[in-house]
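When you line the sequence shown up against the working numbering, it's residues 2 to 113, in that order. Where is the CB? At the ideal position from N, CA and C, for every residue including glycine. Keep in mind the model is a prediction, meaning the values are calculated, not measured. Just below is one structure, and these are the notes that go with it.
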Amino acid sequence: MEGDPSSSFLLCMQLRHLGYGNITVSHTYADANERLFAQPRPELVLIDLPHEQAGTVAPLATAIRQLGIDFITLIGCDPPALPAAYDTTILLNRPPGMSDLIDAITLARRYS
Numbered sequence: 002m003e004g005d006p007s008s009s010f011l012l013c014m015q016l017r018h019l020g021y022g023n024i025t026v027s028h029t030y031a032d033a034n035e036r037l038f039a040q041p042r043p044e045l046v047l048i049d050l051p052h053e054q055a056g057t058v059a060p061l062a063t064a065i066r067q068l069g070i071d072f073i074t075l076i077g078c079d080p081p082a083l084p085a086a087y088d089t090t091i092l093l094n095r096p097p098g099m100s101d102l103i104d105a106i107t108l109a110r111r112y113s
């Protein structure tokens, strides 16, 4: 889930460079929630979490975990107090560098 089109474009380019081909971007919570329950289900979810939306998207994080989908949360340099739904997510500062993104994806896959 990414609110800024230019950021999502750059992130998609990074992921494609890493070999991921089936990438979709949701710009709203409602769209992300709808895609989460569509088939096929995503293998990995990246949530770009604006400070003011930490509590708003907590139900999405809970649903992602309940479905057994790995997820990484992109945060600013001063992360907000996150709801319990984010206790098991990997936190990654934005904008993520390529090596940090690779490490986060590898770690997410290891703990799935």
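Quick check on residue i: does DSSP put it in helix, strand or coil?
{"i": "Ile24", "result": "coil"}
{"i": "Ala103", "result": "This sequence places Ile at residue 103; Ala is not what is there. DSSP places Ile103 in helix when its eight states are reduced to three."}
{"i": "Ile65", "result": "helix"}
{"i": "Phe38", "result": "coil"}
{"i": "Asp32", "result": "helix"}
{"i": "Leu83", "result": "coil"}
{"i": "Leu11", "result": "helix"}
Within 10 angstroms of its Cβ, does residue i collect 16 or more other Cβ (buried), or is it exposed?
{"i": "Ser27", "result": "buried"}
{"i": "Leu109", "result": "First, the amino acid is wrong: residue 109 is Ala here, not Leu. Buried, since its Cβ has 16 or more Cβ neighbours within 10 Å."}
{"i": "Tyr21", "result": "exposed"}
{"i": "Pro6", "result": "exposed"}
{"i": "Thr57", "result": "exposed"}
To which residues of the same chain is residue i closer than 6 Å at the C-beta, ignoring the five residues directly before and after it?
{"i": "Leu47", "result": "Ile73"}
Identify, in the order they occur along the chain, each residue of the same chain with its Cβ nearer than 7 Å to the Cβ of residue i, setting aside the five sequence neighbours on each side.
{"i": "Leu19", "result": "Ile103"}
Quick one: residues in its chain with C-beta nearer than 8 Å to the C-beta of residue i, no 5 flanking neighbours on either side, listed in chain order?
{"i": "Pro43", "result": "Thr25, Arg36, Leu37, Ile70"}
Would you say the segment 12-19 touches the segment 27-41, given that touching needs at least three Cβ pairs under 8 Å?
-> no
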